[in-house]
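In terms of numbering that gives the first Met the number 0, the sequence shown opens at residue 0 and continues consecutively.
The beta-carbon is built from N, C-alpha and C at its ideal position, and this holds for glycine as well.
Here the structure is a predicted model, which means the values were calculated and not measured.
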Amino acid sequence: MSRPVTFTPPPGTRAHLLRTARGEFAALTGEPEPGRPERGTALLLPGFTGSKEDFIALHAPLGAAGYRTVAVDGRGQYESQGPKDDESPYAQAELAQDVLAQVAALDAPGPVHLLGHSLGGLIARAAVIADPAPFASLTLMASGPAAVAEPQQQRVKLLQDALAALDMAQVWEAIQALEPPEDAADVRDDTGGVRDDLRRRWMANSPAQLIATGRQLCTEPDRVDELAALAPPVHVVSGERDDTWPVPLLDEMARRLGAERSVIAGAEHSPNTDRPLETAAALAAFWDGRTPNRSSRQG
């Protein structure tokens with residue numbers, strides 16, 4: 000999972016509910032800095048077990064670059080409501096329709112730049128395949144062409160088995176017990192205890208959502224050619240190391256898509272939290288080539 004260093008939105012970023020034709024979704028929205036030319040809107044989709052807070056360090060630098068940023072919790076993720084026991088609302092086609100409804104609800108003055116991290120990239124891809132018209136570009140961040148690597152499939156299946164037998168609190172404790180030492184520090188607070196914000200996020204997730212989307216990660220077909228036939232400009236972003244989809248696989252996917260490729264030095268599966276400033280710079284550089292200058296907004 001991505002582990003943002005804080006769940007507190009930066010100045011100029013507001014927490015709100017994005018009301019759509021398919022329900023309400025918890026969102027964090029950052030606006031362009033006052034006086035900056037407004038260059039467009041970016042809709043940011045988090046990954047498996049993640050949330051809108053995974054992009055929290057991107058709002059300020061992207062706002063400085065002139066972009067409105069809207070990060071959302073998907074259906075059944077953290078602060079967006081979803082059924083606990085019914086998996087059907089979490090079918091990928093349903094989640095893709097949620098994204099199209101979110102884009103419509105943004106009422107952006109022009110097309111939106113869509114970004115999906117990890118699982119969010121698979122959902123973003125499905126949304127673009129369903130209807131590419133609203134999107135000026137698509138960014139796939141640490142999100143590959145098909146199912147995740149075999150070791151990750153095994154981890155997801157272990158989680159699914161645990162969710163079928165245990166409650167969310169028990170699964171959380173099991174996850175912490177299995178954390179490798181190099182990752183354990185990321186979930187600890189200043190007193191050495193587990194960070195309450197990360198536990199609170201886990202506890203708010205829908206078990207049905209985790210089971211359904213975990214299955215998608217393990218069974219996703221290769222849809223690269225389908226996407227390439229109709230997609231807007233595509234940007235493939237990753238860290239320089241990734242155990243979920245190996246970097247050479249992402250390189251090859253970018254080649255098949257004719258996509259721009261950015262590798263963020265010093266980052267792994269979550270460049271958005273590992274190296275947010277460098278990631279924001281790569282995103283803004285890509286979007287700048289595809290978004291006309293808009294009139295300056297005074298705040």
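So LEU105 and THR5 are supposed to be a Cβ contact under 8 Å. How far apart are they, rounded? Actually they are not in contact, since the Cβ atoms of LEU105 and THR5 sit about 25 Å apart, beyond 8 Å.
Just tell me which of LYS83, THR28 and ALA20 has its CA closest to the CA of ALA13. The sequence given here places Arg at residue 13; Ala does not occur at that position. Measuring from the Cα of ARG13, the nearest candidate turns out to be THR28.
Nearest residue (CA-CA) to GLY265, options PRO275, ALA258, GLU259 and GLY257: Minimum Cα distance to GLY265 is reached at PRO275.
Does the separation of the CB atoms of HIS234 and LEU158 fall below 9 Å? No.
Measure the beta-carbon distance from VAL71 to LEU44 and round it to whole angstroms, keeping in mind my assumption that it falls under 8 Å. The pair is a contact, with the Cβ atoms about 7 Å apart (cut-off 8 Å).
So, with DSSP's three-state summary, where would you put VAL69? Strand, per DSSP.
Grouping DSSP H, G and I as helix and E and B as strand, with all else coil, what is PHE134? Assigned with DSSP and collapsed to three states, PHE134 falls in strand.
Name the one or two DSSP bridge partners that PHE24 has. Per DSSP, LEU17.
Please list, in chain order, all residues of the same chain as LEU248 whose beta carbon is under 6 Å from its beta carbon, the five residues on each side excluded. GLY143, listed in sequence order.
Is DSSP giving GLY238 helix, strand or coil here? In the structure shown, GLY238 falls within a strand segment according to DSSP collapsed to helix, strand and coil.
I need the DSSP call for LEU229, collapsed to helix, strand or coil. DSSP places LEU229 in coil when its eight states are reduced to three.
For the alpha helix (DSSP H) holding ARG254, just list the boundary residues, first then last. Going by DSSP, ARG254 is part of the alpha helix (DSSP H) stretching over 246-256.
LEU121 and GLN91 - do their beta-carbons sit closer together than 9 Å? Cβ distance < 9 Å, so GLN91 and LEU121 count as in contact.
Out of VAL170, ALA176, PRO220 and ASP221, which has the shortest C-alpha to C-alpha gap to ASN204? When each option's Cα is compared against that of ASN204, the closest is VAL170.
Taking all protein chains shown into account, decide if ASP241 is buried (16 or more other Cβ within 10 angstroms of its Cβ) or exposed. Burial is judged here by how many other beta carbons sit within 10 angstroms of a residue's own beta carbon; ASP241 has at least 16 and is buried.
Would you mind working out which of GLU32, PHE47 and ARG21 sits nearest CYS217, comparing C-alpha positions? For the residues GLU32, PHE47 and ARG21, the minimum Cα distance to CYS217 belongs to PHE47.
Bridge partners for GLU219 per DSSP, in chain order? GLU219 is bridged by DSSP to nothing; it lacks a bridge partner.
For the region 51-58 against the region 271-286, are there 3 or more C-beta pairs whose distance is under 8 Å? Touching, yes, given that three or more Cβ pairs across the two stretches are closer than 8 Å.
Taking the beta carbon of ALA279 as the centre, do at least 16 other beta carbons fall within 10 Å, making it buried, or is it exposed? Buried, by the Cβ-count rule.
Measuring only the C-alpha atoms, how far is ILE128 from LEU226? ILE128 and LEU226 have their alpha carbons spaced roughly 6 Å apart.
Can you tell me whether GLY73 is buried or exposed? The criterion is at least 16 other CB atoms within 10 Å of its CB, across all chains shown. Classification of GLY73: buried, given that the 10 Å Cβ count is 16 or more.
Quick one: what does DSSP say ARG289 is sitting in, helix, strand or coil? In this structure, ARG289 counts as coil in the three-state DSSP scheme.
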